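For reference, the structure is listed below as structure tokens.
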Amino acid sequence: MSDRNLDWITFSLYICLVIVGWLMIFAVGYDDGYEAGIGNFFGTEAGKQTIWIGISLVAMIFIFIIDWKFWQTFSTIIYVLAMVLLVLVLFFGVKIKGQVSWFRFGSFAFQPAEFAKFATCLALSSYLSSYGTSFKINRHRLIALGLISLPIGLVMLQPDAGSALVFSSFLIMLFRAGMPSSYYLIGGFVSTILLLSLMYPIPNVLVGMVLLSVIIFAANTKKTLYPILGSIVLAAASYFLVVKGYTIEALIASFVILSTLGYLLWNDRKQRLVTIFYGFLIVGTVLAYSANYAFNNFLKSHQQVRIDAWLNPEKPGSKELYQVVQSKYAIGSGGIQGKGFLQGMMTKLDYVPEQDTDFIFCTIGEEQGFLGSMSIMLLFLMLLFRLVIIAERQRSSFSRYYIYGIAGIIFVHFFINIGMTMGLAPVIGITLPFVSRGGSSLLIFTLMIALVLKLDSNRYHI
45 MSDRNLDWIT
55 FSLYICLVIV
65 GWLMIFAVGY
75 DDGYEAGIGN
85 FFGTEAGKQT
95 IWIGISLVAM
105 IFIFIIDWKF
115 WQTFSTIIYV
125 LAMVLLVLVL
135 FFGVKIKGQV
145 SWFRFGSFAF
155 QPAEFAKFAT
165 CLALSSYLSS
175 YGTSFKINRH
185 RLIALGLISL
195 PIGLVMLQPD
205 AGSALVFSSF
215 LIMLFRAGMP
225 SSYYLIGGFV
235 STILLLSLMY
245 PIPNVLVGMV
255 LLSVIIFAAN
265 TKKTLYPILG
275 SIVLAAASYF
285 LVVKGYTIEA
295 LIASFVILST
305 LGYLLWNDRK
315 QRLVTIFYGF
325 LIVGTVLAYS
335 ANYAFNNFLK
345 SHQQVRIDAW
355 LNPEKPGSKE
365 LYQVVQSKYA
375 IGSGGIQGKG
385 FLQGMMTKLD
395 YVPEQDTDFI
405 FCTIGEEQGF
415 LGSMSIMLLF
425 LMLLFRLVII
435 AERQRSSFSR
445 YYIYGIAGII
455 FVHFFINIGM
465 TMGLAPVIGI
475 TLPFVSRGGS
485 SLLIFTLMIA
495 LVLKLDSNRY
505 HI
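Residue numbers for the sequence shown follow my numbering, beginning at 45 and rising by one.
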């Protein structure tokens, strides 16, 4: 690969983010009484990160040397190896913070879920670009979704909900490959019902679905009778729900009137509309009760607390809420220009747990302020925008899908990590790519970007 073909913009953005990450990790571990020295330095977190940066750069050179076709040819083997590692970690991994997610070899620790993201991206890209694969065929859609679902299931057994959530980023790649938009509408509906059923009593959610159905029914007819019936449903639900407080009565009253409305619409040749919305109500009811049951019976207690702290931030006393509150204080205390490098008091006094990994953005906010925080976000947005440009100029379908997959992974990490430091997303342990401390994370993200650069540099030879 010649220098002329290397995308220097993407490479420069990568280097900038790595440097910023190292500086922030150094700031978190900095102590006024710290005595400089090679031996002491490499025992610190910043020193360890320096070693990982060196390893990652060597790995990047390794990627540049290998022929790009290797990754497409052996993508299936790499994927199988990643799945085997996800199984083995369940039996031979070490337990850290309630999760069996790591292999430990002395002082070296490796998280196979990080490697699985890279492997899944390769395998999925290879499958989508293979001859004969078409999303017009249901079997091909199911195979693609199966390639994503397998690592999600294995990671959830650890259990690591944060890493499992990242695999949903591959839906961006599938959309680019031609996955019907109806799948995403259904996914949005399911996600909305699941969240609402955890935030509010289930009868209230069901009443809300009934009322929404009535409004849409009424909007699709010119007869005045139906809007009148819709108003009756609204009045009945409001009376029982607000005045009486008996949500089950509100539900029964709503369904009785909705059944009458559905019968009238059926006779008015609105059969398709009735079928859709009765299906909407039935599926919504099943999802609401299933989400509530799964939340109370399958999630670990710390996972329940994290989700509850996110959905109900007004509840006091939880550790996760304390983290988010302190993170907000740290970010807000930085003001416009920040307190200055190594001047963050909340950082020095460890007010925010995990502030060099999951919550490193709050360190940036405190020391570099609004301008520094926006600069980091701008670097990520520029990187994502650049990845889309690179993807669209590829001649190889494998290269195009792979780069979209990497862009999706980085976007989900970036969006959720910054979101959870501000209380906009649940605290689920997702790192900020290239910035957070962590050898496995930095190494795998470096491999991802290195292969992007390698594939792009060979686009004219495909």
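Beta carbons are placed, not taken as given, at the ideal position from N, Cα and C, and that holds for glycine. Remember, it's a predicted structure, so these values are computed and weren't measured experimentally.
Please determine if the stretch 329-343 and the stretch 373-388 are in contact, where contact requires at least 3 C-beta pairs separated by less than 8 Å. Inter-segment contact for the stretch 329-343 and the stretch 373-388 is absent: fewer than three beta-carbon pairs are separated by less than 8 Å.
Cβ contact check for the stretch 234-245 and the stretch 465-474: 3 or more pairs under 8 Å: Between the stretch 234-245 and the stretch 465-474, the count of C-beta pairs closer than 8 Å stays below three; the two stretches do not touch.
Who are the Cβ neighbours of A221 in its own chain at under 7 Å, not counting the five residues just before and after it? Your numbering for residue 221 matches position 177 in the sequence shown. Here A221 has L172, F179 and Y445 as same chain residues with Cβ atoms under 7 Å from its own Cβ, once five neighbours each way along the sequence are excluded.
Indicate whether A157 and Q202 have their beta-carbon atoms separated by less than 9 Å. Translated into positions along the sequence shown, residue 157 becomes position 113. Translated into positions along the sequence shown, residue 202 becomes position 158. Yes; because the gap between Cβ atoms is below 9 Å, this pair is in contact.
By alpha-carbon positions, which one of S213, S207, L218 and L209 ends up nearest to A188? Within the sequence shown, the letter at position 144 stands for residue 188. Checked all of S213, S207, L218 and L209; the closest Cα to A188 is L218.
DSSP three-state label for Q143, please. Taking the sequence shown and counting its residues from 1, one reaches residue 143 at position 99. Three-state result, Q143: strand.
Where V396 falls: helix, strand or coil (DSSP): Along the sequence shown, one-based indexing puts residue 396 at 352. Here V396 sits in coil by DSSP.
Would you kindly work out how many angstroms separate the C-alpha atoms of I447 and M223, rounded to a whole number? Along the sequence shown, one-based indexing puts residue 447 at 403. Along the sequence shown, one-based indexing puts residue 223 at 179. Each residue's alpha carbon lies about 17 Å from the other.
What do you get for N84, buried or exposed, if any count of 16 or more other CB atoms within 10 angstroms of its CB means buried? Position 40 of the sequence shown, counted from the start, is the residue given in the question as residue 84. So N84 counts as exposed.
Could you check whether the Cβ of Y366 sits closer than 9 Å to any Cβ belonging to chain B? The structure shown contains no chain B; it is built from a single protein chain.
Using the DSSP secondary-structure output, state which residues sit across from A153 in a beta bridge. In the sequence shown, counting from the first residue as 1, residue 153 sits at position 109. Answer by DSSP bridge pairing, in chain order: R148.
Could you pull the start and end residues of the alpha helix (DSSP H) that T407 belongs to? Numbered from 1 along the sequence shown, position 363 holds the residue referred to as residue 407. Per DSSP, T407 belongs to the alpha helix (DSSP H) from I404 to E436.
Status (buried if at least 16 other CB within 10 Å, exposed otherwise) for W52: Counting from one through the sequence shown, the residue named residue 52 turns up at place 8. Taking every protein chain shown into account, the CB of W52 has fewer than 16 other CB atoms within 10 angstroms, so this residue is exposed.
Just to confirm my understanding: we take I69, look at its own chain, exclude 5 residues before and 5 after, and list those with CB closer than 6 Å. What are they? Numbered from its first residue, the sequence shown carries residue 69 at position 25. When the five nearest sequence neighbours on each side are left out, the beta carbons in the same chain lying within less than 6 Å of the beta carbon of I69 are those of E89, A90, Q93, D400 and R481, in order along the chain.
Looking only at DSSP bridge pairs, what is V138 linked to? Sequence index remark: in the sequence shown, residue 138 carries index 94 (1-based). Beta-bridge pairing links V138 to W146.
Please check the pair T329 and L250, which I expect to be a contact at CB under 8 Å, by giving their CB distance rounded to whole angstroms. On the sequence shown, residue 329 is found 285 positions in, with the first residue counted as 1. On the sequence shown, residue 250 is found 206 positions in, with the first residue counted as 1. Yes, they are in contact, since the Cβ atoms of T329 and L250 sit about 6 Å apart, within 8 Å.
Residue range of the alpha helix (DSSP H) that includes R444: As a working mapping, residue 444 is identified with position 400 in the sequence shown. S441 to T465 is the extent of the alpha helix (DSSP H) around R444.
Using DSSP with H/G/I as helix, E/B as strand and the rest coil, what is K180? Residue 180 sits at position 136 when you count from the first residue of the sequence shown. In the three-state DSSP reduction, K180 falls in the coil class, being neither helix nor strand.
Taking DSSP as the reference, what is the three-state secondary structure of D500? Within the sequence shown, the letter at position 456 stands for residue 500. Correct three-state label for D500: helix.
Alpha helix (DSSP H) segment containing I95, residue limits: Walking along the sequence shown from the start, residue 95 turns up at place 51. Where I95 is concerned, the enclosing alpha helix (DSSP H) stretches over E89 to I109.
State the DSSP-derived secondary structure class of V479, mapped to helix, strand or coil. Taking the first residue of the sequence shown as 1, we reach residue 479 at position 435. If DSSP states are grouped into helix, strand and coil, V479 belongs with coil.
Same chain, Cβ closer than 7 Å to Y333, five either side skipped, listed in chain order: Looking up residue 333 in the sequence shown gives position 289. For Y333, where only same-chain residues beyond five positions count, the Cβ hits under 7 Å are I246.
Endpoints, alpha helix (DSSP H) assigned at V72: What you label residue 72 is simply residue 28 of the sequence shown in a count that begins at 1. For V72, the enclosing alpha helix (DSSP H) starts and ends at W52 to G73.
Cut-off 6 Å between Cβ atoms - residues of its own chain near I493, not counting five sequence neighbours on either side: Position 449 of the sequence shown holds residue 493. In chain order, Y58 place their CB closer than 6 Å to the CB of I493, counting only its own chain and leaving out the 5 sequence neighbours on each side.
Thinking C-beta only, is K161 closer than 9 Å to S207? Residue mapping note: residue 207 aligns to position 163 of the sequence shown, counting from 1. Residue mapping note: residue 161 aligns to position 117 of the sequence shown, counting from 1. In this structure, K161 lies closer than 9 Å to S207 by Cβ.
If you follow the alpha helix (DSSP H) that Q116 is part of, which residue opens it and which one closes it? To locate residue 116, count along the sequence shown from 1; it is residue 72. First-last of the alpha helix (DSSP H) with Q116: K113 to T117.
Endpoints, the alpha helix (DSSP H) within which V210 is located: For the purposes of this step, residue 210 is identified with residue 166 of the sequence shown, where counting begins at 1. A205 to V210 is the extent of the alpha helix (DSSP H) around V210.
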